[in-house]
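Under the UniProt record's numbering, the first residue of the sequence shown is numbered 1, with each subsequent residue one higher.
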Amino acid sequence: MNDRPGLNELSAFIAIATQRSFRKAADALGLSASTLSHMMRTLEHRMGARLLNRTTRSVSPTAAGEMLLARLQPILRDLDIALAEVDEFSGQPSGILRINASEIAALVLLRSVIPTFLNRYPKMHLDLAAEGKFVDIVSQGFDAGIRLGESVPQDMIAIRFGGPARLIPVASPSYLAMHGTPQTPDDLAGHNCVRFRLPSGKLFHWEFEKNGQEISVDVNGHLTLDRVDLMAEAALLGLGIAFVPERTALPFIETGRLTGLLDSWCPKFPGLVLYYPGHRLVPPGLRAFVDVLRETESQLSIGD
1 MNDRPGLNEL
11 SAFIAIATQR
21 SFRKAADALG
31 LSASTLSHMM
41 RTLEHRMGAR
51 LLNRTTRSVS
61 PTAAGEMLLA
71 RLQPILRDLD
81 IALAEVDEFS
91 GQPSGILRIN
101 ASEIAALVLL
111 RSVIPTFLNR
121 YPKMHLDLAA
131 EGKFVDIVSQ
141 GFDAGIRLGE
151 SVPQDMIAIR
161 FGGPARLIPV
171 ASPSYLAMHG
181 TPQTPDDLAG
191 HNCVRFRLPS
201 GKLFHWEFEK
211 NGQEISVDVN
221 GHLTLDRVDL
231 MAEAALLGLG
241 IAFVPERTAL
251 PFIETGRLTG
261 LLDSWCPKFP
271 GLVLYYPGHR
281 LVPPGLRAFV
291 DVLRETESQL
301 SIGD
């Protein structure tokens with residue numbers, strides 16, 4: 001192949017293949033969709049193979065495109081890291097740091113780590129994706145992920161932070177005045193509970209433990225939600241009892257708008273973990289983020 005593709009064409013191909021959309025890739029790259037379409041036609045002509053399947057509604061890599069994507073992603077990532085390491089000689093890492101986190105983890109980071117990180121490293125851009133669904137951070141192009149420790153794959157480098165966490169049932173004083181206060185997990189059967197739907201589609205069972213006795217409760221209720229912040233809001237409105245992270249409920253408990261329930265039945269469990277692959281170079285921006293995370297450790301408790 002005498003006419004070797006340029007770096008811009010290959011980067012554009014990766015953006016389209018991962019976003020599965022010319023429009024989204026164009027937005028990310030700051031180009032027009034028509035420009036990207038022309039670049040892909042040129043790239044396919046140079047490669048002598050069709051790389052993308054296009055329809056009016058979707059874009060997906062062909063078998064050749066999948067192979068090229070798998071080869072290119074680590075190469076271009078290492079190139080970005082090499083360039084970023086050169087930038088370190090100026091004393092400031094630069095570039096984009098992509099992190100995938102749960103909604104709760106994102107809120108915790110926004111309260112301390114992220115402001116410090118962005119103020120200290122003005123050349124960095126943080127792309128934080130907050131979502132409930134657990135994703136493969138490598139295949140999705142993220143530098144790191146943040147989840148509860150029990151969810152992290154074993155082959156990842158993991159850094160614990162924020163201390164232990166726990167889930168607690170909460171309800172508004174008005175709801176409890178009308179329906180009574182449960183004294184044991186079994187009492188929840190007589191209450192209207194706000195249920196939580198997991199990203200998999202399954203309903204979350206409320207789990208309790210006391211003196212070695214474990215109880216899993218499949219609660220009933222008229223409302224099912226898939227976001228923790230909405231569950232807390234539903235409890236505030238008196239719509240029932242919600243089972244939420246203590247960190248989420250604590251501000252409302254302290255002001256008397258919510259009441260914590262079944263305290264002795266709610267043990268703590270290992271908290272949040274920042275994780276990233278151990279088999280590849282760590283970008284300077286991620287190293288800087290980890291440094292800030294460790295500095296602000298004392299401010300990040302999600303359990304107390």
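Each residue gets a CB set at the ideal place from its N, CA and C atoms; glycine is no exception.
9 Å Cβ cutoff met for residue i and residue j
i    : j    : result
M47  : A12  : no
I16  : L52  : yes
V152 : A249 : no
C193 : V228 : no
V273 : L107 : no
K202 : P267 : no
F252 : A234 : no
Span of the alpha helix (DSSP H) around residue i
i    : result
Y121 : Element bounds for Y121: n/a, residue is neither H nor E.
F289 : 284 to 295
Q19  : 7 to 19
V228 : 228 to 236
S37  : 33 to 47
L29  : 22 to 29
Burial state of residue i (16 or more Cβ within 10 Å)
i    : result
I302 : For I302, the predicted structure reports a pLDDT of 43, less than 50, and the residue's modelled location is therefore unreliable. A value from the coordinates is still provided. When all chains shown are included, I302 counts as buried.
P185 : buried
L293 : buried
L109 : buried
S102 : buried
D143 : buried
G212 : exposed
Span of the beta strand (DSSP E) around residue i
i    : result
P251 : First-last for P251: 246 to 254, but that is the alpha helix (DSSP H), not the beta strand (DSSP E).
P61  : 59 to 61
K210 : 206 to 210
R195 : 193 to 196
A101 : 95 to 101
Inter-residue CB distance, residue i and residue j (contact presumed, cutoff 8 Å)
i    : j    : result
H191 : G240 : 7 Å
G271 : R160 : 7 Å
F22  : L43  : Between L43 and F22 the Cβ distance is about 13 Å, and since that is not below 8 Å, they are no contact.
Just to confirm the assignment: which complete beta strand (DSSP E) runs, minimum length 3, are found wholly within the stretch 117 to 180?
Listed in chain order, they are 124 to 130, 144 to 148, 156 to 161, 167 to 171.
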